[in-house]
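Enquirer: Adding 29 to a residue's 1-based position in the sequence shown gives its number in our numbering. Structure in structure tokens, see below.
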Amino acid sequence: MATDTLKSTTGASGASAVRRLLLDNGALTALIALVIAMSALSGDFLTTDNLLNIGVQAAVTAILAFGVTFVIVSAGIDLSVGSVAALSATVLAWMATSEGVPVWIAVILAVATGIACGLVNGVLISYGKLPPFIATLAMLSVGRGLSLVISQGSPIAFPESVSHLGDTLGGWLPVPVLVMVVMGLITALILGRTYIGRSMYAIGGNEEAARLSGLRVKRQKLAIYALSGLFAAAAGIVLASRLSSAQPQAAQGYELDAIAAVVIGGASLAGGTGKASGTLIGALILAVLRNGLNLLSVSAFWQQVVIGVVIALAVLLDTLRRKAGATPVAAGTGAPGGRGKQAATYIIAAVVAAAIVGAMSFLHNDSSSSATKKVGLSLSTLNNPFFVQIEAGAKAEAKKLGVDLTVTDAQNDASQQANQLQNFTSSGLGSIIVNPVDSDAAGPAVRSANKAGIPVVGVDRGVNKADTAALVASDNIAGGKLGAKAMAEKLGGKGKIVILQGLAGTSASRERGAGFAEGLKAYPGIEVVARQPADFDRTKGLDVMTNLLQAHPDIQGVFAENDEMALGAVKALGSKAGTSVSVIGFDGEPDGLKAVKDGTMYASVAQQPKELGRIAVENALNAAEGKKVEKTVMVPVKVVTKENVSGFGG
Numbered sequence: 030m031a032t033d034t035l036k037s038t039t040g041a042s043g044a045s046a047v048r049r050l051l052l053d054n055g056a057l058t059a060l061i062a063l064v065i066a067m068s069a070l071s072g073d074f075l076t077t078d079n080l081l082n083i084g085v086q087a088a089v090t091a092i093l094a095f096g097v098t099f100v101i102v103s104a105g106i107d108l109s110v111g112s113v114a115a116l117s118a119t120v121l122a123w124m125a126t127s128e129g130v131p132v133w134i135a136v137i138l139a140v141a142t143g144i145a146c147g148l149v150n151g152v153l154i155s156y157g158k159l160p161p162f163i164a165t166l167a168m169l170s171v172g173r174g175l176s177l178v179i180s181q182g183s184p185i186a187f188p189e190s191v192s193h194l195g196d197t198l199g200g201w202l203p204v205p206v207l208v209m210v211v212m213g214l215i216t217a218l219i220l221g222r223t224y225i226g227r228s229m230y231a232i233g234g235n236e237e238a239a240r241l242s243g244l245r246v247k248r249q250k251l252a253i254y255a256l257s258g259l260f261a262a263a264a265g266i267v268l269a270s271r272l273s274s275a276q277p278q279a280a281q282g283y284e285l286d287a288i289a290a291v292v293i294g295g296a297s298l299a300g301g302t303g304k305a306s307g308t309l310i311g312a313l314i315l316a317v318l319r320n321g322l323n324l325l326s327v328s329a330f331w332q333q334v335v336i337g338v339v340i341a342l343a344v345l346l347d348t349l350r351r352k353a354g355a356t357p358v359a360a361g362t363g364a365p366g367g368r369g370k371q372a373a374t375y376i377i378a379a380v381v382a383a384a385i386v387g388a389m390s391f392l393h394n395d396s397s398s399s400a401t402k403k404v405g406l407s408l409s410t411l412n413n414p415f416f417v418q419i420e421a422g423a424k425a426e427a428k429k430l431g432v433d434l435t436v437t438d439a440q441n442d443a444s445q446q447a448n449q450l451q452n453f454t455s456s457g458l459g460s461i462i463v464n465p466v467d468s469d470a471a472g473p474a475v476r477s478a479n480k481a482g483i484p485v486v487g488v489d490r491g492v493n494k495a496d497t498a499a500l501v502a503s504d505n506i507a508g509g510k511l512g513a514k515a516m517a518e519k520l521g522g523k524g525k526i527v528i529l530q531g532l533a534g535t536s537a538s539r540e541r542g543a544g545f546a547e548g549l550k551a552y553p554g555i556e557v558v559a560r561q562p563a564d565f566d567r568t569k570g571l572d573v574m575t576n577l578l579q580a581h582p583d584i585q586g587v588f589a590e591n592d593e594m595a596l597g598a599v600k601a602l603g604s605k606a607g608t609s610v611s612v613i614g615f616d617g618e619p620d621g622l623k624a625v626k627d628g629t630m631y632a633s634v635a636q637q638p639k640e641l642g643r644i645a646v647e648n649a650l651n652a653a654e655g656k657k658v659e660k661t662v663m664v665p666v667k668v669v670t671k672e673n674v675s676g677f678g679g
């Protein structure tokens with residue numbers, strides 16, 4: 030798909046002219062078709078708030094993609110932009126808060142961090158002769174690691190003055206959209222009006238010919254990758270501003286979205302072609318797809334499938350276009366009048382889209398149902414049995430009460446969850462239930478729901494710096510204390526143990542850890558020899574436990590802040606689990622209870638996830654109808670061991 034001005038030697042007319050127009054403006058055609066389709070399928074898509082949401086949700090990907098455009102045009106690749114974005118934002122937040130550096134200096138240092146990462150990539154590629162894939166893959170790991178080291182794995186509050194980048198102007202125009210437009214104009218200017226821009230096309234077209242013609246290719250590549258790092262830093266700052274915190278794990282996988290946006294927009298991975306306008310359209314296509322599929326309650330897993338198909342079709346259409354005889358023209362070298370024709374194409378496309386979309390809006394004028402009966406549930410992940418059971422309990426209660434429940438999966442991405450919550454808000458739901466990926470990062474999106482008068486109910490984890498009508502959760506602090514007591518009693522009041530911590534920044538991890546630490550104070554003979562995060566993930570629990578055993582082979586106990594990590598630890602311990610080492614988990618999920626029954630886990634501090642989901646839906650409906658709800662609803666927890674597991678009903 031391309032939005033490049035194309036030169037054709039044929040004077041096609043009629044049907045062939047239409048075919049040529051579609052081929053030459055494939056991305057734009059696809060965007061218009063998507064907007065029309067989503068408008069027809071969802072009455073919530075065409076609202077002003079939702080269209081602005083799409084712009085906000087496209088902003089970070091688009092800014093990253095503008096930087097990647099420089100690299101791809103020059104026949105390179107940059108896999109590090111997501112990590113560089115997270116590292117730059119972390120540097121800004123850490124300098125401005127922990128180190129007390131003036132904010133404007135912290136911003137400069139953050140931007141300098143992005144440029145420095147890009148320069149390192151450029152040096153490795155130009156002078157170290159490393160393939161771009163390998164050099165930037167290494168930087169992906171280094172950047173993410175440094176971000177985690179600086180932040181100690183925990184989100185850092187973003188300076189208030191910089192957080193305004195995530196706000197709106199005049200109460201309606203999102204600042205991220207303005208930043209995206211400015212960065213797009215800068216990209217277009219560099220590509221079309223500067224010496225380095227022309228050099229990118231020359232290097233991408235034929236690097237050896239560019240070198241023989243006098244271009245200093247190595248120096249140009251340094252500048253190209255430095256620009257990519259600069260744009261990644263800008264994207265990281267905008268993303269952190271939206272979340273009001275620098276997340277060390279932010280922007281994971283965003284490098285793939287950025288590359289996809291560039292390819293969908295018409296650039297060739299072989300180099301030599303690509304434009305800022307095409308990249309912007311590619312980013313908007315991805316945002317429209319995700320937004321529309323969210324509104325249609327399509328699973329996040331299927332969304333990945335759809336986006337993959339779109340990328341494949343983009344490359345296929347680009348191949349068809351080339352076979353049709355179209356010859357891409359580098360920016361700034363088109364035939365006279367080419368820019369005018371391009372502008373005219375965009376204007377006509379906008380008018381046609383506006384007319385059709387306006388007509389579509391009438392289809393949904395009479396389709397509104399009772400808003401109070403519509404509830405959105407945003408879960409941090411569905412790749413965990415505990416949250417799958419919360420979903421099951423919520424769906425069962427919603428069916429019983431006649432509630433239209435929409436469930437989304439944030440896949441442990443705080444930014445993706447913020448987008449989902451914004452989509453819920455713009456859809457005018459009666460109420461929203463959120464299980465935050467990060468309690469701080471969910472705050473801005475929940476505050477937006479507060480402003481719209483939509484009550485929000487937290488489930489399992491709380492939301493910081495925002496108003497929730499209710500929090501439905503297990504008593505994690507009490508559960509942590511119960512876990513400490515069970516561990517001490519099993520070990521006879523003395524021994525060495527390790528703790529596997531959950532996802533940094535979540536209230537569940539913080540409260541369970543605090544409760545366990547408080548409970549251990551009564552048992553001075555218990556020594557905690559190591560604490561390591563494993564992010565509530567079974568695979569990470571296996572890896573972390575394997576590493577800890579190398580340093581502490583003589584431990585007698587493991588406390589994991591959820592069953593998934595505990596099960597990973599059991600796998601790492603092998604025959605030691607349940608014999609010389611006692612493992613205690615938290616949640617009481619089916620696999621965990623089976624391990625308790627089998628004796629490989631000593632105990633699980635069991636919650637009732639289905640009950641959490643049921644009560645959350647009940648409270649969300651009551652809040653939407655204006656009924657009084659309790660501010661905090663605590664669901665009891667209990668220690669389940671082999672002795673009582675058969676009688677535990679969950």
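Where a beta carbon is used, it is the ideal one built from N, C-alpha and C, also for glycine.
Which of the three DSSP states is assigned to Ala115 in this structure?
Expert: Correct three-state label for Ala115: helix.
Enquirer: Nearest-angstrom Cα distance between Asp286 and Gln333?
Expert: C-alpha separation (whole angstroms): 11 Å.
Enquirer: Write down every uninterrupted run of the alpha helix (DSSP H) in the stretch 83 to 171 whose length is 4 residues or greater and which is fully enclosed by it, in chain order.
Expert: Entirely contained in the stretch 83 to 171, the alpha helix (DSSP H) runs reaching 4 residues are, in chain order, 110 to 126 and 132 to 155.
Enquirer: What residue does the alpha helix (DSSP H) around Phe415 start on, and which one ends it?
Expert: Note, Phe415: alpha helix (DSSP H), Pro414 to Leu430.
Enquirer: Output the distance between the C-alpha atoms of Ile288 and Gly105, rounded to the nearest integer angstrom.
Expert: Rounded to whole angstroms, Ile288 to Gly105 spans 11 Å at the Cα level.
Enquirer: In chain order, what are the residue ranges of uninterrupted alpha helix (DSSP H) at least 4 long that sit wholly in the stretch 183 to 224?
Expert: Taking only runs of at least 4 residues, the alpha helix (DSSP H) segments lying wholly in the stretch 183 to 224 are 189 to 192 and 204 to 222.
Enquirer: Please classify Glu647: does DSSP put it in a helix, a strand, or coil?
Expert: Helix.
Enquirer: Relative to the C-alpha of Ala312, which candidate in Ala329, Ile462, Trp331 and Ile336 has its C-alpha closest?
Expert: Measuring from the Cα of Ala312, the nearest candidate turns out to be Ile336.
Enquirer: Please tell me whether Val208 and Asp196 are closer than 8 Å, where the distance is taken between their beta carbons.
Expert: Contact flag unset, no.
Enquirer: Alpha carbon to alpha carbon, what distance is there between Leu220 and Arg227?
Expert: Approximately 7 Å between the Cα atoms of the pair.
Enquirer: Using only alpha-carbon positions, find the residue among Leu60, Lys523 and Ser455 that is nearest to Glu556.
Expert: Residue Lys523 is the option with its Cα nearest to Glu556.
Enquirer: Using beta-carbon positions only, say whether Met574 and Leu532 come within less than 8 Å of one another.
Expert: No, the Cβ-Cβ distance between Met574 and Leu532 is not below 8 Å.
Enquirer: Thinking C-beta only, is Leu175 closer than 8 Å to Ile419?
Expert: Result no, Cβ atoms of Ile419 and Leu175 do not sit closer than 8 Å.
Enquirer: Who does Glu556 pair with in a DSSP beta bridge?
Expert: Its beta-bridge partners are Lys525.
Enquirer: The alpha helix (DSSP H) spanning Lys514 covers which residue range?
Expert: Counting along the chain, the alpha helix (DSSP H) containing Lys514 begins and ends at Asn505 to Leu520.
Enquirer: Can you tell me whether DSSP reads Ser611 as helix, strand or coil?
Expert: Looking at Ser611 - three-state DSSP - the assignment turns out to be strand.
Enquirer: Can you tell me whether Lys667 is helix, strand or coil according to DSSP?
Expert: Strand, per DSSP.
Enquirer: Identify whether Pro582 lies in helix, strand or coil by the three-state DSSP scheme.
Expert: Looking at Pro582 - three-state DSSP - the assignment turns out to be coil, as it is neither helix nor strand.
Enquirer: So what's Phe677 in DSSP terms, helix, strand or just coil?
Expert: Coil at Phe677, not helix or strand.
Enquirer: Do Val136 and Leu121 count as a contact pair if the criterion is CB distance below 8 Å?
Expert: Yes, the Cβ-Cβ distance between Leu121 and Val136 is below 8 Å.
Enquirer: Roughly how many whole angstroms lie between the Cα atoms of Ser407 and Ala305?
Expert: Using only the alpha carbons, I get a separation of about 34 Å.
Enquirer: Going by CA-CA distance only, name the one from Tyr254, Met212, Lys250 and Ala632 that's closest to Val113.
Expert: Ranking the options by Cα distance to Val113, first place goes to Tyr254.
Enquirer: When you compare only the Cα positions, how much space is there between Ala62 and Leu622?
Expert: Distance between the alpha carbons of Ala62 and Leu622 is about 50 Å.
Enquirer: Between the stretch 255 to 262 and the stretch 147 to 155, do at least 3 Cβ pairs fall closer than 8 Å?
Expert: Short answer: they touch.
Enquirer: What whole-angstrom Cβ distance do Asp469 and Lys494 have, given they're in contact under 8 Å?
Expert: The pair is a contact, with the Cβ atoms about 7 Å apart (cut-off 8 Å).
Enquirer: For the alpha helix (DSSP H) containing Thr308, list its first residue and its last residue.
Expert: From DSSP, the alpha helix (DSSP H) with Thr308 extends over Ala305 to Leu324.
Enquirer: Tell me Ile461's beta-bridge partners as DSSP assigns them.
Expert: Per DSSP, Gly405 and Val485.
Enquirer: In terms of DSSP beta bridges, what is Phe260 paired with?
Expert: In DSSP, Phe260 forms no bridge with anything.
Enquirer: For Ala31 and Ile179, I'd like the C-alpha separation in whole angstroms.
Expert: Summary for Ala31: the model assigns pLDDT 41, below 50, so the residue's position carries little reliability; its value from the coordinates is reported in the next sentence. Approximately 41 Å, taken between the alpha carbons.
Enquirer: For the structure I just gave you, are there three or more beta carbon pairs, one from the stretch 510 to 522 and one from the stretch 479 to 496, closer than 8 Å?
Expert: Because the criterion of three Cβ pairs below 8 Å is not met, the stretch 510 to 522 and the stretch 479 to 496 do not touch.
Enquirer: Between Ala217 and the rest of its own chain, which residues show a CB-CB distance below 6 Å, the 5 nearest in sequence each way excluded?
Expert: Closer than 6 Å at the Cβ level, and outside the excluded window around Ala217, lie Ala305.
Enquirer: Rounded to a whole number of angstroms, what is the C-alpha to C-alpha distance between Gly40 and Leu349?
Expert: Unreliable placement is indicated for Gly40, whose pLDDT of 46 sits below 50; the coordinate value is still reported in the next sentence. Their backbone Cα atoms lie some 19 Å apart in a straight line.
Enquirer: Just the Cα atoms here: how many angstroms apart are Ile22 and Ala543?
Expert: Residue 22 cannot be examined here, being either before or after the span of the chain that is shown, 30 to 679.
Enquirer: Indicate the three-state DSSP secondary structure (helix, strand or coil) for Ser328 in the structure shown.
Expert: Of the three classes helix, strand and coil, the one that applies to Ser328 here is coil, per DSSP.
Enquirer: On the criterion of 16 or more Cβ atoms from any shown chain inside 10 Å, does Gly570 qualify as buried, or is it exposed?
Expert: Result: buried.
Enquirer: So Gly321 packs on Ser477, CB below 8 Å; how close in whole Å?
Expert: The Cβ separation is near 20 Å, so there is no contact.
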